[in-house]
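In our numbering, the protein residues as written are 11 to 483.
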Ligand code: SAJ
């Protein structure tokens, strides 16, 4: 087993790396460390995913530039191998954990995967192994959920800078380094975005900086403590969610008072220090809708641990203990953003009514089903919520999306016989629609624009009943 010193300056020659969770974050991480020469052991519970990876085939959907080729290369060179067996991590000196950390419908973090990974690791690691949590977690989770599980057997003690020195044979190290990847840019973001490297001790934080420098040559790698690293990640995404919610709230105000949020935003952002984001049809994806709740849930962890040991699988709702003194802004922003798909429904229903039709008899085309433009990722997509509202009201819904397999096809054929169309995703392909062909296909040229994809005057000139989110009539 390597000595602490070699953890402090990990190199491909002296360090074997383990990666737990080979999803859209873990797999690129494993490939990147293998690319620079480390021997990497990847763990995933899904045997079929492990088999695909060992065959050099990427299981990651969507267009991820460079990932498939890199995976084939590092599998071919033998630097990366995948397995379902945690025992294979026995030889790893540093192990990153990249498992899912979702929140449930009550916004409560679900740590089943994290707890299971922590339990499995505690049974196979060696003295002085460094475990780095890369998953996004509520502030306090690494030290108040992961650490107790790793130490539960009594065999291990996580080093801390509080001087409780344990003998080397029982000492392990813990770190937290949140990822900042984005679908479609997995490798690019991994290589170029700065990282907060939170260590159980300052020396371990520096060791993490040395480790990540191998795959992140230029961006800032900021040594810090574990709690700060947890707060940074959840805060940066809560920040974005609140910023988007502000734009959406101004959009709703503009609609009511007869303003145009798009013009307002353009001029507001000429003011120093302003950067108003884009209003729209809603906020989807794997990060932004979830991470604000993880930030809020940190409050519960603190209260929970002051009164009782964490035992159950779930942490109670972040608001169950607090008497709603705070957080106020985070839940309110979530509510605004979650309302936007409903607002898109209200807009199309109102225009149909104005045309003497009911939503129940209408055939409505939803343009865009992924959560982000030019992406096939449909996780937590606002379009799913709009479709549910439409179907619950009896409408016949036609979904089109050039990136989502089951909704591809000729958009004008999809528009045939439709009474209304709702633009939910600003895919590039939609920006060059032939409005004449669209109008000919539809029974009535009614278009609701949820992303300001179009110039109102062009649509109106083409004879459309056109409305845009954030623009009053
Ligand atoms: N959205 C708006 N208005 C905006 C920006 C986004 O309505 O001004 C909507 C999008 O349509 C989408 C959702 O919000 O439905 C999320 O969009 P996003 O641009 O934030 O894309 P994500 O979810 O992939 O965000 C990720 C995040 N990165 C990580 O969590 C590591 C986010 O912090 C980044 O800012 C974002 O990528 C990015 O732009 O890189």
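Just so it is clear, CB atoms sit at the ideal spot from N, CA and C, and this is done for glycine as well.
Local Cβ density within 10 Å of residue i, reported as buried at 16 or more and exposed below that
| i | result |
| --- | --- |
| residue 300 | buried |
| residue 395 | buried |
| residue 322 | Unreliable positioning characterises residue 322 in this predicted model, as indicated by a pLDDT of 46, which lies under 50. A coordinate reading is not provided. |
| residue 473 | exposed |
| residue 36 | buried |
| residue 87 | exposed |
| residue 429 | buried |
| residue 1 | Outside the displayed range of the chain (11 to 483) lies residue 1, so it cannot be described from this structure. |
| residue 483 | exposed |
| residue 436 | buried |
| residue 432 | buried |
| residue 360 | exposed |
| residue 325 | With a pLDDT of only 48 at residue 325, under 50, the local geometry of the prediction cannot be trusted, and the value read off the model is given with reservation. That one is buried. |
| residue 84 | buried |
| residue 446 | exposed |
| residue 275 | buried |
| residue 163 | exposed |
| residue 42 | buried |
| residue 79 | exposed |
| residue 19 | exposed |
| residue 376 | buried |
| residue 32 | buried |
| residue 310 | buried |
Residue i in three-state terms, based on DSSP
| i | result |
| --- | --- |
| residue 96 | helix |
| residue 391 | coil |
| residue 214 | helix |
| residue 375 | strand |
| residue 358 | helix |
| residue 428 | coil |
| residue 344 | helix |
| residue 122 | helix |
| residue 464 | coil |
| residue 266 | helix |
| residue 316 | The predicted model places residue 316 with a pLDDT of 41, which falls under 50 and marks its position as unreliable; any figure quoted below should be read in that light. In the structure shown, residue 316 sits in a helix (DSSP, three-state: H, G or I). |
| residue 41 | helix |
| residue 128 | helix |
| residue 452 | coil |
| residue 162 | coil |
| residue 405 | coil |
| residue 459 | strand |
| residue 89 | coil |
| residue 186 | strand |
| residue 172 | coil |
| residue 233 | strand |
| residue 67 | coil |
| residue 106 | strand |
| residue 22 | coil |
| residue 475 | strand |
| residue 483 | coil |
| residue 28 | strand |
| residue 421 | helix |
| residue 410 | strand |
| residue 33 | coil |
| residue 181 | strand |
Expected contact under 8 Å - CB spacing of residue i and residue j to nearest Å
| i | j | result |
| --- | --- | --- |
| residue 208 | residue 235 | 5 Å |
| residue 205 | residue 222 | 6 Å |
| residue 214 | residue 140 | 7 Å |
| residue 480 | residue 265 | 6 Å |
| residue 144 | residue 107 | 6 Å |
| residue 233 | residue 219 | 5 Å |
| residue 196 | residue 74 | 5 Å |
| residue 17 | residue 135 | About 13 Å separates the two Cβ atoms, so there is no contact after all. |
| residue 51 | residue 115 | Not confirmed; about 36 Å, so no contact. |
Cutoff 8 Å: residue i Cβ touching any chain C Cβ
| i | result |
| --- | --- |
| residue 127 | The structure shown contains no chain C, having only a single protein chain. |
Within the chosen definition, does the stretch 455–464 reach the stretch 237–251 through at least 3 CB pairs nearer than 8 Å? no
Does the pairing of the stretch 165–172 with the stretch 48–60 give three or more beta-carbon distances under 8 Å?
no
(Q) Across the stretch 143–163 and the stretch 116–127, are there enough close Cβ pairs to call them in contact, namely three or more that are closer than 8 Å? (A) yes
* Can at least three beta-carbon pairs, one atom from the stretch 279–287 and one from the stretch 334–349, be found at a separation below 8 Å? -> no
query = Touch check for the stretch 345–355 and the stretch 256–265: three-plus C-beta pairs under 8 Å?
reply = yes
### Query
At a cut of 8 Å, does the stretch 392–408 reach the stretch 285–295 through at least three beta carbon pairs?
yes
I'd like to know if the stretch 375–386 and the stretch 176–188 are in contact, where contact means that at least 3 CB-CB pairs between them fall below 8 Å. no
* Asked: Just checking, does the stretch 60–74 make contact with the stretch 22–42 on the three C-beta pairs under 8 Å criterion?
  -> yes
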